Amino acid sequence: MRKKYLLIIVTLMGILSLGIMVFRNRPSVISSVEAEKVLRNYLIDFSQWEDDYVLEPLNPAAGEIGSDKVYRFEVRYKDTVEEAGGRLVSNYAVSADGEMIFQYDPANDEWMIQK
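Numbering (this note's numbering), first residue to last: 3 to 117.
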């Protein structure tokens, strides 16, 4: 009887250890709100953000660039800015794990890795 319980305990510990190893190696997925914060901080840190800009998620915000799942955003002038109100500044995307930032290059129709 004790061997049976010991075998069950050892088996459960093995399954638990395997589960921990699998989930530890999975990339974490951030929300679109967190992706927006990552992008805004990146733009501020690299002096690419102006007070007259607004960050808007694309519809749908979630997409793919190559094999990377991403959240896509537009940087636009605020509607209150004279003559430039609502005008597109640039398109960006943040990977679902928050580790990579892409900027869209319309001249070459491709996404360029920024970070």
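For every residue, glycine included, the Cβ atom is placed at its ideal position computed from N, Cα and C. On a predicted model such as this, the values are computed, not experimentally measured, just so you know.
Entirely within the segment 40-85 and at least 3 residues each: give me those beta strand (DSSP E) ranges in chain order.
55-67 and 70-79, all fully within the segment 40-85.
Which partner residues does Ser92 have in the DSSP bridge list?
Within the sequence shown, the letter at position 90 stands for residue 92. Note: Ser92 sits in a beta bridge opposite Val77.
Of the choices Lys80, Val96 and Ala64, whose alpha-carbon is the least far from that of Leu45?
Numbered from 1 along the sequence shown, position 43 holds the residue referred to as residue 45. Checking every option, the nearest Cα to that of Leu45 belongs to Val96.
Let me know the secondary structure DSSP gives Ile10 once reduced to three states.
Numbered from 1 along the sequence shown, position 8 holds the residue referred to as residue 10. Reduced to three states, the DSSP call for Ile10 is helix.
Quick check on Phe75: buried or exposed, where buried means 16 or more other Cβ atoms within 10 Å of its Cβ?
On the sequence shown, position 73 is the one that residue 75 refers to. Under this definition Phe75 is a buried residue.
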